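A quick write-up on the structure given underneath.
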Amino acid sequence: MTATSSTPFSPEEIAAEGLKPEEYAEIVRRLGRHPNKAELGMFGVMWSEHCCYKNSRPLLKQFPTTGPRILVGPGENAGVVDLGAGLQLAFKIESHNHPSAVEPFQGAATGVGGILRDIFTMGARPIALLNSLRFGSLDDPKTQRLFSGVVAGISHYGNSVGVPTVGGEVYFDPAYSGNPLVNVMALGLMETPEIVKSGASGIGNPVLYVGSTTGRDGMGGASFASAELTDESMDNRPAVQVGDPFLEKSLIEACLEAFKTGAVVAAQDMGAAGITCSTSEMAAKGGVGIEFDLDQIPVRELGMVPYEYLLSESQERMLFVAHKGREQELIDIFQRWGLHAVVAGTVIAEPMVRILFQGKVAAEIPAEALAENTPLYERELLAEPPEYALEAWKWSPDSLPPATIEGVEIEGKLQSWNHILLTLLGAPTIASKSWVYRQYDHQVQNNTVILPGGADAAVVRLRPLETKQNEESKPESFTSGVAATVDCNPRYVYLDPYEGAKAVVAEAARNLSCVGAEPLAVTDNLNFGSPEKPVGYWQLSQACRGLSTGCLELATPVTGGNVSLYNETFDSQGNPQPIYPTPVVGMVGLIPDLTKICSQGWQGNGDLIYLLGLPLTSSVVGLGASEYLASIHNTVAGKPPRIDFDLERRVQQVCRTGIRTGWIRSAHDSSEGGVTVALAECCLSGNLGAQIQIEIPQNQLQRLDEVLFGEGGARILVSVAQAQQKTWESYLDEHLGDNWQKLGIVGNLGDSELGLKVLTNDNQILIKVTLEQMKERYFSAIANRLTPLSNTPN
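Shown next, in the form of structure tokens:
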């Protein structure tokens with residue numbers, strides 16, 4: 001039996017599957033006939049950017065992917081790193097952007113479910129979640145609806161499935177008004193003796209469908225995720241899946257139990273493109289074929305046809321290859337957990353994906369044509385940066401009103417530095433995200449060491465598993481931890497994709513170093529506009545080059561990730577509006593001793609405050625691309641700071657050593673808003689004030705607002721007990737030379753209302769704000785912008 005040929009499809013029918021005319025011609029050439037409807041749909045989803053990375057794969061090849069701790073790199077469901085002591089960590093980041101734009105609750109919820117399946121498919125028990133979110137202006141009612149819906153969806157799924165959401169980031173910018181970004185990262189601790197891979201093997205071995213039923217939800221989700229959003233997209237709700245976190249919890253337990261039997265040869269999550277993706281990828285990776293009978297699949301809807309079975313993205317489903325003769329052993333496990341498990345196929349020698357339906361061949365395609373030998377587009381790079389960047393780079397601080405000790409003039413009115421600081425603390429991108437994370441259960445599993453908002457990175461205890469029969473499994477050895485962060489300053493990347501992407505990697509590593517963790521490896525989520533447009537491809541290409549440089553410089557290989565392109569919407573005139581290029585970096589780090597970690601808040605009155613890295617008056621630090629320039633002067637221009645990787649490595653090493661030696665009592669990196677905002681955040685987190693003294697620039701090469709709010713890499717604020725001053729400063733002289741300075745002291749200093757006090761070197765007051773003033777702006781900024789309906793946490 002073979003699949004029957006079909007008549008040619010019309011250009012409209014081809015375009016509806018996300019395929020180009022030349023791609024359809026290539027399909028006909030490979031098959032030697034026209035595809036039928038089911039086969040056309042299979043090619044449509046598998047040749048989408050979401051599945052085959054046809055525009056990005058050539059660029060991804062430059063990423064470093066190997067290292068002494070890398071056990072599994074790109075190409076599997078998740079990366080895996082060796083943590084030592086018999087512990088292995090699986091981690092991955094994925095996007096669910098377009099589904100969240102159409103249906104924010106289910107779009108975000110199923111994004112959580114999907115990334116968790118990537119983790120436990122490897123044989124790892126999920127231990128933590130982080131998320132990286134982007135929305136438009138929070139003053140827009142549409143943004144409020146999307147924002148509150150996404151947060152509710154994340155909390156619903158994560159809380160219900162019992163995996164803590166321990167950290168993340170949230171940005172607000174008009175660039176994301178029509179196209180929010182929802183990137184979710186998950187971590188898991190390997191629980192099986194062997195890492196479970198996805199390549200099928202063993203001719204004659206049975207293929208098992210396990211988990212939930214198949215319905216029509218999520219139809220064509222991969223193609224939907226690979227096209228620009230239009231008004232019609234908002235009606236495309238069948239492309240958004242519906243998840244069941246309680247069923248997923250059972251699926252986690254059943255899968256891990258099944259893997260421990262040794263009866264499973266290979267496993268694959270049915271994520272994007274569902275049955276099509278799982279059968280073709282497992283077959284192609286194993287160099288074999290799979291024959292699969294749709295009549296065996298448990299369904300939740302009647303009358304489904306092969307096209308619907310094959311393109312459905314119903315959630316909580318998996319595909320296994322089992323050792324022949326042991327299938328019933330696995331079926332019994334899944335039935336005991338209340339889940340479906342059926343033998344639906346067989347591994348065959350012919351490298352084909354053969355789909356049967358009602359006794360006939362419904363589709364028959366070479367596995368490699370779907371999963372490996374897919375179209376690749378190496379597009380021409382612009383000879384020089386696009387006009388928007390060249391224009392932005394002409395910006396100079398000279399265009400701003402003068403900055404004096406009294407403040408700066410904004411729209412004809414002098415605004416004090418107090419006012420400027422409080423305004424920045426109330427900007428939603430900088431302000432506390434407590435409205436978000438108080439909706440998440442971040443302490444389930446009882447391994448969260450630092451609560452959200454308390455440090456620059458999340459810290460989770462590594463609790464050795466009972467299945468690891470070695471000395472490290474004793475309870476008294478539960479002393480190591482893993483740190484994780486997700487980072488990206490999209491304004492930096494927009495203004496200079498290469499330098500901005502380098503800065504993303506540097507900040508991620510810096511955040512890990514601020515809690516005492518050694519950066520190990522990266523998973524990335526590349527969120528960009530259309531690569532078919534010269535500017536979009538230039539942004540993507542330059543950012544990939546920057547990520548590669550950063551990961552090489554900091555020895556943090558890339559273990560995998562996700563590419564989400566075509567993040568564009570159309571304005572009222574029909575013009576495409578791409579998002580800011582947003583390459584999110586998820587980075588993990590190792591903490592050998594959980595008693596030697598740091599939070600960002602001041603720890604005690606009298607502690608001394610130091611700035612590691614570039615001094616306040618460094619000419620390298622500037623206002624270009626800064627939050628101050630955007631929020632206060634309503635200007636997005638200039639160039640982001642260039643990363644000095646030699647200094648970056650030295651500053652981060654000094655910070656980690658200082659934490660592990662016990663000298664450093666708090667650490668916080670300087671990022672959006674510069675050192676002054678970072679100082680205020682340390683005060684707020686530690687509920688203690690601070691007094692700082694700074695040198696006023698005596699020349700005309702630097703402005704006062706550059707000193708206060710300028711942004712630049714390789715800068716970390718730390719506090720140290722006075723008893724350690726001499727030893728600490730001697731260490732700084734030896735390892736950082738001139739790249740450090742003592743700024744001030746922690747405490748109220750006799751002033752009961754003192755929050756943050758910034759003085760000049762001749763004791764003139766630049767800033768004096770109370771803790772209460774800062775708290776009012778910082779902790780209530782997001783809630784105060786939401787309408788009563790969206791302001792109610794779920």
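Taking the UniProt record's numbering, I'd label the letters of the sequence shown as residues 1 to 794. Glycine included, every Cβ here is placed at the ideal spot set by N, Cα and C. Nothing here was measured: the structure is a model prediction, and the numbers come from that model.
Within 7 Å, strictly: CB atoms of residue i and residue j
i	j	result
L608	I745	yes
P401	V408	yes
V207	G123	no
V347	V288	yes
residue 801	V522	Residue 801 falls outside the range modelled here, since the chain spans only 1 to 794, and no answer is possible.
V161	P58	no
A509	L554	yes
M219	L311	yes
G167	V265	no
residue 796	E76	Coverage of the chain is limited to positions 1 through 794, which leaves residue 796 absent and any answer about it impossible.
G79	H96	no
P180	L146	yes
L89	V81	yes
D456	D669	yes
I93	Y209	no
E648	A506	yes
Beta strand (DSSP E) segment containing residue i, residue limits
i	result
T559	V558 to S564
residue 796	Not covered by the structure: residue 796. The range shown for the chain is 1 to 794.
H113	Note that residue 113 corresponds to Gly in the displayed sequence, not to His. G113 -> not in any beta strand (DSSP E); alpha helix (DSSP H) instead, spanning P104 to F120.
F320	R317 to A322
T165	T165 to F172
Y209	P206 to G211
L719	What sits at residue 719 in the sequence shown is Ser, not Leu. It spans R715 to V720 - the beta strand (DSSP E) in which S719 sits, taken as one unbroken run.
Start and end residues, alpha helix (DSSP H) containing residue i
i	result
H735	Q725 to L736
M219	Run containing M219: none; DSSP gives neither H nor E here.
I591	Note, I591: premise wrong, no alpha helix (DSSP H); beta strand (DSSP E) at T582 to I591.
A753	In the sequence on display, residue 753 carries Glu and not Ala. Neither: E753 is in no alpha helix (DSSP H) and is coded neither H nor E.
W435	S434 to Y437
R777	L771 to R785
R650	F645 to T661
T143	P141 to V161
F334	E327 to R336
A258	P245 to K260
P11	P11 to A16
E706	L704 to F709
R461	It is not in any alpha helix (DSSP H) - R461 instead sits in the beta strand (DSSP E) that spans A458 to R461.
V677	G674 to G686
M42	K37 to M46
L31	P21 to L31
P306	P306 to L311
Nonlocal neighbours in the same chain, by C-beta distance under 6 Å from residue i, ignoring five residues either side
i	result
F357	L294 and P306
R300	T213 and G215
K20	none
G136	T143, P174, Y176 and S177
L708	T676
N784	none
Proximal residues to residue i (C-beta, below 8 Å), its chain only, five neighbours per side dropped
i	result
Q469	With a pLDDT of only 43 at Q469, under the threshold of 50, the placement of this residue in the model should not be trusted; the figure read from the coordinates follows. Cβ neighbours of Q469 beyond the five flanking positions: none.
S530	E228, G536, L565, Y566, E568, P576 and P578
T760	I405, Q693, I694, E695, I696 and L766
H156	F105, A109, P245 and N794
Same chain, Cβ closer than 7 Å to residue i, neighbours up to 5 away in sequence not counted
i	result
L679	A690, I692, L717 and L756
V151	V436 and Q439
Ranges of the alpha helix (DSSP H) found wholly within the segment 353-420, counting only runs of at least 4: 367-371 and 387-393
Validate contact between the segment 617-626 and the segment 525-540 using beta carbons, cut 8 Å, 3 pairs: no
Whole beta strand (DSSP E) elements within the segment 473-539, 3-residue minimum: 481-487 and 518-527
Segment contact, 8 Å Cβ cut-off, at least three pairs: the segment 423-439 with the segment 571-590: no
Whole runs of the beta strand (DSSP E) within the segment 60-104, excluding any shorter than 3 residues: Secondary structure in the segment 60-104: the beta strand (DSSP E) runs of 3 residues or longer, each lying completely within the stretch, are 70-72, 79-84 and 87-95 in chain order.
Three CB pairs or more closer than 8 Å across the segment 579-597 and the segment 481-500: yes
Cβ pair count under 8 Å reaching 3, the segment 626-634 against the segment 373-391: Between the segment 626-634 and the segment 373-391 there are fewer than three inter-stretch CB-CB distances shorter than 8 Å, so the stretches are not counted as touching.
Sufficient close CB pairs (3 or more, under 8 Å) joining the segment 309-328 to the segment 260-277: yes
Cβ contact (3+ pairs, closer than 8 Å) linking the segment 773-789 and the segment 703-722: Contact fails: fewer than three Cβ-Cβ distances are below 8 Å.
Stretch-stretch touch, CB-based, cutoff 8 Å, three pairs: the segment 770-779 with the segment 431-443: yes
At least 3 beta-carbon pairs within less than 8 Å: the segment 323-340 vs the segment 252-261: yes
Three CB pairs or more closer than 8 Å across the segment 26-34 and the segment 52-68: no
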